[in-house]
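The structure appears right after this line, and notes come after that.
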Ligand SMILES: [Zn+2]
């Protein structure tokens, strides 16, 4: 790790690259893209072949499957997939993440799409990442002496690399006993708290019950979809006027919230193409303009993002996003009486259930063409009736058959990312 590299990236992202106009964002992206394409031609056999026949705009869209099959010819640091996979799995098993391949870090991404992904980052990329994340997260005019609490899954070894005197980090394992985690968290008194919404909910409930009295300066929701109801609960209980988010995955550091809590895409380093699903929703196809060890080029993420129609008052020229809604594969498909299917986005279902009453935790799984399995933590006549009504109302609104609803008890599961709305039927894309 090089502190100097981290500081340089921090300063550049925070102070030296204001990108106040759309033109300056576009100009920067074009310049980085030209340089990146030249690099790929030189150093990545996979992209050299593709770029012999096509310009960047015509490169095939990449996904995790292609990334894995072409791994050896795609990466530019000579890492072999099988070797890296073996090491990454050993790291994961031992839950110690300090074993590296050469000077590069390797890791696994479980993701939610079912395939296993493998990622490689060079030391320079890791430092740039740390610098960028800190630049985007440390509060204004208040840089030193922060205590940052990170609740992590094994997904991300990147955070592990940060040690510094200016800020202190403490890691909390989301698999560990939550009562113990809370006790450690109370003792640590974080100024910045970073955790998935499902963990933040537990902390918020403890706060609401008077069992957690720390008020962090900033709270970040990461790694899972932040539902509106959860955002509200967490914000109130932890006394946060703005609940922040980081959109970060193994494919890159993709978006951050500004001081107003609006999500902005990190277009200073990542190029976003938009595959539109309707007037506002889109699936991002990302190109990381600086990541070289394992190039991320026209990579289709499979998340559904909703664009913000009005510009953000913070003045940033980086595109603003209203919501990160969830996995595209979790878009439910309702059936039209006349045949055919209507996509019901996970976020639309979650919003419909905002109006239902009598329960706290829920999960919706589409298990067949016109059947939903709905798990509720409180299963009684009132909650069943209320949920069934809202599902029926939603079906009516989109002009579809009312799906059959099967109620089951809610089971807490901490082994995977929490997804409240899941489609476990049909093809991966709607
Ligand atoms: Zn903003």
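In my numbering, the protein residues as written are 483 to 912. C-beta atoms are modelled at their ideal positions from N, C-alpha and C, and glycine is treated no differently.
Backbone secondary structure at residue i - three-state DSSP
i           : result
residue 726 : strand
residue 595 : In this prediction, residue 595 scores a pLDDT of 47, lower than 50, which makes its location untrustworthy; the coordinate-derived value is nonetheless stated afterwards. If DSSP states are grouped into helix, strand and coil, residue 595 belongs with coil.
residue 918 : Only positions 483 to 912 of the chain appear in the structure, and residue 918 is not among them; the question remains open.
residue 878 : helix
residue 886 : strand
residue 613 : helix
residue 779 : coil
residue 807 : strand
residue 891 : strand
residue 508 : helix
residue 682 : helix
residue 492 : helix
residue 868 : helix
residue 788 : strand
residue 708 : coil
residue 606 : helix
residue 501 : coil
residue 696 : coil
residue 903 : strand
residue 688 : helix
residue 583 : strand
residue 802 : strand
residue 485 : helix
Exposure of residue i, with buried meaning 16 or more beta-carbon neighbours within 10 Å
i           : result
residue 808 : buried
residue 558 : buried
residue 795 : exposed
residue 894 : exposed
residue 503 : exposed
residue 639 : In this prediction, residue 639 scores a pLDDT of 47, lower than 50, which makes its location untrustworthy; the coordinate-derived value is nonetheless stated afterwards. Answer is buried; the Cβ neighbour count reaches 16.
residue 724 : exposed
residue 659 : exposed
residue 758 : exposed
residue 657 : exposed
residue 608 : buried
residue 702 : buried
residue 837 : exposed
residue 634 : buried
residue 844 : buried
residue 637 : Note that residue 637 has pLDDT 45, beneath the 50 cutoff, so the model's placement of it is unreliable and no number is given.
residue 591 : buried
residue 540 : exposed
residue 620 : buried
residue 909 : exposed
residue 653 : exposed
residue 486 : exposed
residue 813 : buried
residue 497 : exposed
residue 542 : exposed
residue 611 : buried
residue 705 : buried
Beta-bridge pairing of residue i - partner residues as DSSP gives them
i           : result
residue 676 : 632 and 702
residue 529 : BP columns for residue 529 are empty, so no partner.
residue 589 : 601
residue 670 : Partner(s): none; residue 670 has no beta bridge.
residue 655 : 634
residue 873 : None; residue 873 has no bridge partner.
residue 650 : 629
Q: Could you tell me which uninterrupted beta strand (DSSP E) segments, each at least 3 residues in length, are contained entirely in the stretch 711–776, listed from first to last along the chain?
A: Here the runs fully enclosed are 726–731, 734–739, 745–747, 752–758 and 763–770.
**Q.** Whole runs of the alpha helix (DSSP H) within the stretch 809–865, excluding any shorter than 4 residues
**A.** Counting whole runs of 4 or more residues, the stretch 809–865 contains the alpha helix (DSSP H) stretches 828–835.
(Q) Run the Cβ filter for me: residues under 7 Å from any heavy atom of ligand 1, listed in the order they occur in the chain. (A) Of all residues, those with a beta-carbon under 7 Å from at least one heavy atom of ligand 1 are 740, 742, 744, 746, 794, 795, 796, 798 and 802, reported in chain order.
Q. Fully enclosed by the stretch 531–570, which alpha helix (DSSP H) runs are 4 residues long or longer?
A. List check, alpha helix (DSSP H) in window: 546–551 and 553–556.
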